[in-house]
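I have placed the structure first, in the form of structure tokens, so that the comments after it can refer back to it.
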Amino acid sequence: MQESSTKPNVFTFATMVKACSVLADTETGRKLHARIEMLGFQSNLVVCTALIDMYGKSNNVDEARRIFDMMAYCNIISWTSMVVAYAQNAQSHDALRLFREFIQSMYYLQNHFMLASVVNACGSLEPICNTLYLNDSWSCKNGLGKLSLKLFKEMLERGIRPNGVTFVGVLHACSHSSLINVSLEHLNSMQRKHGIKHGIMPDVKHYMCAVDMLGCAGRLDEAYWLAKTIQAKPDDGAVLWGTLVATSITHGRLDLVVEAGQKLIELNRQVATSYITVSNTYAVAGKWENVHRIRSEMKQKNVYKEPDCSWIQVKETIYVFYAGYVLSCIRGNGVVHLSRELEVKMKERGYVQGSNDLVFVEVEETKEKILSLHGERLALGFGLITIPKCVTIRIMKNLRMCRACHKAFKLISEIVKRDFVVRGM
DNA sequence: TTAGGGTTAG
1 MQESSTKPNV
11 FTFATMVKAC
21 SVLADTETGR
31 KLHARIEMLG
41 FQSNLVVCTA
51 LIDMYGKSNN
61 VDEARRIFDM
71 MAYCNIISWT
81 SMVVAYAQNA
91 QSHDALRLFR
101 EFIQSMYYLQ
111 NHFMLASVVN
121 ACGSLEPICN
131 TLYLNDSWSC
141 KNGLGKLSLK
151 LFKEMLERGI
161 RPNGVTFVGV
171 LHACSHSSLI
181 NVSLEHLNSM
191 QRKHGIKHGI
201 MPDVKHYMCA
211 VDMLGCAGRL
221 DEAYWLAKTI
231 QAKPDDGAVL
241 WGTLVATSIT
251 HGRLDLVVEA
261 GQKLIELNRQ
271 VATSYITVSN
281 TYAVAGKWEN
291 VHRIRSEMKQ
301 KNVYKEPDCS
311 WIQVKETIYV
321 FYAGYVLSCI
331 RGNGVVHLSR
341 ELEVKMKERG
351 YVQGSNDLVF
361 VEVEETKEKI
371 LSLHGERLAL
381 GFGLITIPKC
391 VTIRIMKNLR
401 MCRACHKAFK
411 LISEIVKRDF
421 VVRGM
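Under UniProt numbering, the first sequence has 72 at position 72, and the numbering climbs by one with no breaks.
Spelled out as structure tokens, the structure:
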């Protein structure tokens, strides 16, 4: 496109920023941002929203917020993107604060909508919009200063309310800070305040957030009770009961592991994730013959989970690492050497492979060998020897990081005194 | 053209 005479427009930039967001390619994202400012597209609502999302997903919440604050006007997607950026970066309280601000401004606008309607009925809407926008200090203090007259009028006409996606972000924020009661209040408020009148009823996604949150908090009986009441399609049901299996394993509730595992089996989902979760259920219960039966069944039916893969960007180049490919990976010897050194230091700090780790093999030694070779561990080793100390190491994965690697990363971060960011797709 | 959660062998 650059070589041709076609000029990129806001659509082009919004799409390219989105691509960077998916890949967490901050380098390219920043360059695009610079081009956006140079060409004067920085006032476009959709482009800014894409940038907020991109910076949020690249662990740069401050930059996301800076853009959000500079926007002349925001829509529901911009608000939600900012709430979600906080939630995804463990800044739950900021997410909830922003959401409260949003709700306050919403009711404020609705009240003035009534007033404006009266004025409008008498004559023109313009004067009252001008007055409210320019002179009201309360609205500026509460974040309304960022609303342009144009959008302000639009909001007065339509009202911008949180939607189902906004609430997923809010519940996610609560869940990751163990704000259980706050979360349940929001869930109830969806029906009470925003539901019946405005059509935002909680659906299976919101209830699944609640089940996971209750399960993580160890309130497994409530989680189980809630899971049983949810009317879910088989796809959602498999995830729902899989979630319960995982949290029950974490809290050592063997009874519920078996119960939830049974539900998963009944759903008869012929996909790798369900097979694996069911197999793990049997492993926890010590029923190794069932574990072997499931594994051979998977082999027979040719059901595989996609291979684990991690990548890391150093300057312009992206380096990819697969589980187990230690010796063939770039600077493999250096990575192996460093990994061994770190393992010794981790063990000195009491690092043991937990019996609850979700890698169920019968021989401990094999388990340790498998874990030490996960792609993100190789990528981290490579990052540590190639990326300067002052730069945060950012690793991307196609799957979710396993618990053992998560524990290891936290310890290594303490040992080498550096921050790491690992993001799954 | 822009925004979501939860499960998980190698």
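Cβ coordinates follow ideal geometry from the N, Cα and C atoms, glycine included.
Annotation for residue 271: no beta strand (DSSP E) segment contains it, and DSSP assigns it neither H nor E.
A check of alpha carbon separations from residue 319 across 379, 3, 268 and 293 identifies 379 as the nearest. Taking a C-beta distance under 8 Å as the contact criterion, residue 285 and residue 308 do not qualify as a contact pair. When only Cα atoms are considered, residue 169 and residue 210 end up about 12 Å apart. By alpha-carbon distance to residue 390, the top candidate from 11, 417, 288 and 260 is 417. Secondary structure remark: continuous alpha helix (DSSP H) runs of at least 4 residues inside the region 69-103, in chain order: 76-88.
Shown here, residue 304 sits in coil according to DSSP, grouped into three states, outside any helix or strand. Looking at the DSSP output, residue 420 shares a beta bridge with 393.
Assignment of residue 191 by DSSP, reduced to helix, strand and coil, places it in the helix class. Around the beta carbon of residue 25, a 10 Å sphere encloses 16 or more other beta carbons of the protein chains shown; the residue is thus reported as buried. In the DSSP assignment, the residues bridged to residue 313 are 318. By the neighbour-count criterion, in which 16 or more other beta carbons inside 10 Å mark a residue as buried, residue 213 falls on the buried side. Counting C-beta atoms within 10 angstroms of its own C-beta, residue 11 has fewer than 16 neighbours from the protein chains shown and is therefore classed as exposed. Secondary structure at residue 29: helix, using DSSP grouped into helix, strand and coil. Per DSSP, residue 400 is not a residue of any alpha helix (DSSP H), being assigned neither H nor E. In this structure, the straight-line span from the alpha carbon of residue 165 to that of residue 182 is close to 18 Å. The Cβ atoms of residue 264 and residue 279 lie no closer than 8 Å to each other.
Cβ-Cβ distances below 8 Å link residue 88 to 56, 57 and 172 in the same chain, with the five nearest sequence neighbours on each side left out; the list follows chain order. In this structure, the straight-line span from the alpha carbon of residue 388 to that of residue 313 is close to 13 Å.
In this structure, DSSP gives residue 258 a helical state, which the three-state scheme calls helix. In the three-state reduction of the DSSP assignment, residue 36 falls in the helix class, which pools H, G and I.
Buried is the label assigned to residue 282, since at least 16 other Cβ atoms lie within 10 Å of its Cβ.
A Cβ-Cβ separation of about 16 Å leaves residue 61 out of contact with residue 17 under the 8 Å criterion. Residue state for residue 41 is assigned as coil, using DSSP reduced to three classes.
Cβ neighbours of residue 424 within its own chain (closer than 7 Å, five residues either side excluded): 397, 399, 400 and 401.
DSSP places residue 374 outside any alpha helix (DSSP H), giving it a letter other than H or E. Judged by DSSP secondary structure, residue 220 falls within the alpha helix (DSSP H) whose first and last residues are 220-229. Sequence-distant Cβ neighbours of residue 256 in its own chain, meaning closer than 7 Å and more than five residues away, are 220, 224, 244 and 248. Relative to residue 394, the option among 315, 99 and 297 whose CA is nearest is 315. Counting only residues of its own chain and dropping the five nearest sequence neighbours on each side, residue 291 has a CB closer than 8 Å to the CB of 279, 282, 283 and 360.
Between residue 176 and residue 92, the beta carbon gap of about 6 Å places them in contact (Cβ cut-off 8 Å).
DSSP places residue 344 inside the alpha helix (DSSP H), whose first and last residues are 332-348.
The beta carbon of residue 216 is closer than 8 Å to those of 175, 178, 247 and 250 in its chain, skipping five residues each way along the sequence.
The beta carbon of residue 36 is closer than 7 Å to those of 13, 42 and 47 in its chain, skipping five residues each way along the sequence.
Counting along the chain, the unbroken alpha helix (DSSP H) around residue 212 starts and ends at 204-216.
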